[in-house]
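Quick note on numbering: the sequence shown equals residues 398 to 598 in this note's numbering. To start, the structure under review is shown below, and the notes come after it.
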Amino acid sequence: MTASRKKKAGNNGARPVEPTSGGMAARAIRRRLNLTLEQVAERVGLSSGHLSRYERGDKSLSIAALMRLAKALNTSVSALLGESGDDDVLHVVRAGERKIQRAAGAEGNYEFSPLSRSDGRAAANAFIVQLNKRATVGKEVFHEGHEMFFVLSGSVEIVLGSRPMRLRKGDFAEFPGLVRHQIRGLEEETSILVVVTGEGA
């Protein structure tokens, strides 16, 4: 498969990758709350330099870091990434409307699309995560709340603490977010649905 065909298949009709989306919104919210870079960086567990580069659009953040940033700024991941809120009870994200973000670096190398509503009424954070073979999500990540995975295509290895487990298409896993965990892609073009509920959402 050529690189262009692989990219098209991996996006599943979603919008092109927007690796730096969210930084300007984060900076605007932080300033509105009269918080310094250092204060927010400490809450999120990042260096102030990393957060500053994210705000300028020069750095991307992992799903875990985005959730911590949204919580520190009292907003949602979807709002940070520019999703508009809904006016009614129903929230729908069409396949062609999903915004793809890219995470890279110490906490993983993968693409993801936030699905949850951005108006603060969501009881959970939901994402479609796309991994290629050997791509990882998290580096012994842990957070509050509960986490659920459903493998949409391909297969992944989830490591909970020191316990590895392989999940294939159609498999489901659920565990407390406080258990340190890491996900690794085992096949090309693997997709998983990730839902984080409770205090971690």
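Here a beta-carbon is modelled for each residue, glycine too, at the ideal position from N, C-alpha and C. On a predicted model such as this, the values are computed, not experimentally measured, just so you know.
Residue 542 and residue 445 have their C-alpha atoms spaced approximately 26 Å apart. In this chain, the alpha helix (DSSP H) harbouring residue 437 covers 434-441. Excluding the 5 residues flanking it on each side, residue 501 has same chain C-beta neighbours closer than 7 Å at 457, in chain order. Residue 525 holds the alpha-carbon nearest to the alpha-carbon of residue 494 among 525, 465, 507, 531. Spanning the alpha carbons of residue 548 and residue 564 requires a straight line of approximately 7 Å. Between the alpha carbons of residue 436 and residue 497 lies a distance of about 28 Å. Around the beta-carbon of residue 571, fewer than 16 other beta-carbon atoms lie within 10 Å, marking it exposed. In terms of CA proximity to residue 429, 471 leads the group 450, 530, 540, 471. Closest option to residue 593, judged by alpha-carbon separation, among 448, 422, 464: 464. Minimum Cα-Cα distance from residue 489 among the listed residues 511, 507, 478 corresponds to 511. Its chain contains 526, 546, 547, 548, 549, 553 as the residues whose beta carbon lies nearer than 7 Å to that of residue 589, once the 5 sequence neighbours on both sides are disregarded; these appear in chain order.
Within the same chain, Cβ atoms closer than 7 Å to the Cβ of residue 420 are found at 451, 452, 453, 454, the five residues on either side in sequence being excluded. Looking at 478, 560, 587, 544, the one whose alpha-carbon comes closest to that of residue 506 is 587.
The beta carbon of residue 574 lies closer than 7 Å to those of 539, 540, 541, 542, 543, 544, 593, 597 in the same chain, with the five residues before and after it left out.
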